[in-house]
Amino acid sequence: MNYVLNTTDDYHVNALETLGWELTVCNALEPPNSPCRGALRNPGTFGVQLFHFLKRFVPFSDLRTVLEVGGGLGYLMRDFLSLAPHLSASMLDISPYLLQKQKETLANRSVRFGRADFLTMSISDLKPFELVILNENLGDFPTLVTDRDARGDADAETRYWVDKINDIEEEFSLDLDDGESINIGALCIVEKLCGARIPYIYLSEHSCEASMQNPNFPRHHFQGSGKPEKIPLKGHTEYTVKFSHLVAIARAFRYKVIRGQYVDILPLALNDRVRTAMRSGAPLSDEQEILQQFIYDLYKYEYLVFISDSLKKG
Ligand SMILES: C[S@@+](CC[C@H](N)C(=O)[O-])C[C@H]1O[C@@H](n2cnc3c(N)ncnc32)[C@H](O)[C@@H]1O
6 MNYVLNTTDD YHVNALETLG WELTVCNALE PPNSPCRGAL RNPGTFGVQL FHFLKRFVPF
66 SDLRTVLEVG GGLGYLMRDF LSLAPHLSAS MLDISPYLLQ KQKETLANRS VRFGRADFLT
126 MSISDLKPFE LVILNENLGD FPTLVTDRDA RGDADAETRY WVDKINDIEE EFSLDLDDGE
186 SINIGALCIV EKLCGARIPY IYLSEHSCEA SMQNPNFPRH HFQGSGKPEK IPLKGHTEYT
246 VKFSHLVAIA RAFRYKVIRG QYVDILPLAL NDRVRTAMRS GAPLSDEQEI LQQFIYDLYK
306 YEYLVFISDS LKKG
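Position one of the sequence shown corresponds to residue 6 (the numbering used here), numbered consecutively onward.
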């Protein structure tokens with residue numbers, strides 16, 4: 006199979022000057038008057054709701070160190086530190102613009118900041134962390150996209166990632182080269198995090214395997230294709246992530262795996278606004294359009310929590 010390499014690092018380093026056009030669920034829930042909050046049973050910010058959800062699996066009071074990679078505007082970490090102020094937090098991001106925003110959001114906290122491509126971070130630098138968070142950004146990492154017309158003489162970077170396919174296939178008995186695009190960056194991230202024996206890992210992203218079959222919203226049912234799907238965005242392109250491959254790698258490292266959709270973290274309120282917005286196929290107002298997109302995202306995003314079986318670092 007021939008591939009072309011999709012990357013977003015040049016965009017994030019040199020072109021990104023706002024996250025507004027790429028409305029993450031975290032940012033959509035930030036304004037107190039966000040219509041998205043009205044669609045939920047608990048109308049809090051994303052970070053607060055995620056923290057309370059993760060408390061079921063993660064003993065925050067026993068943890069000391071947390072790393073967030075690609076923290077966007079810093080809201081998630083702001084909320085985590087307000088609920089667990091004893092945590093020693095580090096933020097790592099490739100984007101100078103967003104790192105500056107994180108510094109502003111977290112100005113009153115004692116937080117370490119680093120600018121780097123997470124793929125270049127060494128396992129030894131990762132080992133001190135007890136919880137690592139990557140929220141809504143796995144799709145930003147390199148994807149090998151199938152392309153019948155791709156030329157055989159790929160550049161060195163593409164060849165580097167294509168070579169990784171064999172390494173990962175052999176090590177984790179995955180069947181990767183079967184004619185679909187490969188989230189090779191996300192796979193290598195999970196391999197790195199598990200290889201560093203991080204006790205608690207939380208990841209989330211648009212999934213190509215998620216579906217929505219809620220009987221209350223029959224006009225909005227969807228089924229993921231099971232293959233990484235293209236998401237064209239301003240200035241760059243991302244791909245949905247094949248979560249079953251990430252799970253297979255974590256299990257090979259003997260991690261306990263918890264997997265689900267955002268709607269588990271952010272349960273929906275079946276109130277009149279939600280029912281009305283979801284009754285019709287096409288939205289009839291701006292608010293209905295926002296709610297339809299938001300509820301789609303609650304099902305399209307999957308999360309993973311990986312818990313090390315030993316909880317002891319080697
Ligand atoms: C879609 S935003 C998500 C932001 C935030 N986590 C949220 O949920 O709102 C992607 C984030 O990942 C960062 N990012 C993308 N590629 C990265 C890389 N290779 N290394 C570190 N951070 C990266 C971006 O700069 C940005 O902060």
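The beta-carbon is built from N, C-alpha and C at its ideal position, and this holds for glycine as well.
Simplified DSSP assignment, three categories, for residue i
i	result
H211	strand
G265	strand
L273	strand
K317	For K317, the pLDDT reaches just 47, beneath the cut-off of 50, and the residue's location in the model is therefore unreliable, leaving the point undetermined.
L45	strand
L28	coil
S129	helix
R156	coil
N19	helix
P288	coil
L111	coil
L124	helix
F134	coil
E294	helix
F299	helix
P36	coil
Per DSSP, the bridge partner or partners of residue i
i	result
V310	Y207 and I263
F118	M96
L10	L149
N140	S209
V246	S212
Any C-beta of chain D under 7 Å from that of residue i
i	result
I173	The structure shown contains no chain D, having only a single protein chain.
- Item | Contained alpha helix (DSSP H) runs [length at least 4] in the segment 162-242, N- to C-terminal order | Fully enclosed alpha helix (DSSP H) runs of 4 or longer: 189-200.
- beta strand (DSSP E) segments (min. 3 residues) lying fully within the segment 47-93: Restricting attention to beta strand (DSSP E) runs no shorter than 3 residues, the segment 47-93 encloses them at 70-74, ordered along the chain.
- Say whether the segment 272-288 touches the segment 196-212, bearing in mind that this needs 3 or more beta-carbon pairs closer than 8 Å, one atom from each stretch. Under the three-pair Cβ rule at 8 Å, the segment 272-288 does not count as touching the segment 196-212.
- Given 8 Å as the limit, is there contact between the segment 174-193 and the segment 94-114, that is, 3 or more CB pairs closer than that? As far as the Cβ criterion goes, the segment 174-193 does not touch the segment 94-114, which means the pair count is below three.
- Query: Looking at C-beta atoms only, is the number of pairs between the segment 73-88 and the segment 232-248 that lie closer than 8 Å three or more?
  - Reply: A contact between stretches requires three or more CB pairs, one per stretch, nearer than 8 Å, and the segment 73-88 fails this requirement with the segment 232-248.
- Task: For the segment 130-141 and the segment 69-85, state whether three or more C-beta atom pairs, one from each stretch, are separated by less than 8 Å.
- Result: Enough Cβ pairs lie closer than 8 Å, so yes.
- Kindly confirm or deny that the segment 36-56 and the segment 291-299 touch, where touching means at least three C-beta pairs closer than 8 Å. Contact between the segment 36-56 and the segment 291-299 is present, because at least three Cβ pairs lie under 8 Å.
- Given 8 Å as the limit, is there contact between the segment 265-281 and the segment 303-310, that is, 3 or more CB pairs closer than that? The answer is yes - the segment 303-310 touches the segment 265-281, with three or more Cβ pairs under 8 Å.
- When the Cβ atoms of the segment 120-128 are set against those of the segment 186-198, are three or more pairs found closer than 8 Å? Yes, the segment 120-128 is in contact with the segment 186-198.
- Message: So, does the segment 148-158 touch the segment 8-19, judging by three or more C-beta pairs under 8 Å?
- Response: Yes, they touch.
- Touch test, the segment 90-102 against the segment 55-63, Cβ-Cβ under 8 Å, three pairs minimum: Touching, no, given that fewer than three Cβ pairs across the two stretches are closer than 8 Å.
- Message: Would the segment 14-21 count as touching the segment 164-171 if we require 3 or more Cβ pairs under 8 Å?
- Response: Counting Cβ pairs under 8 Å, fewer than three are found: no touch.
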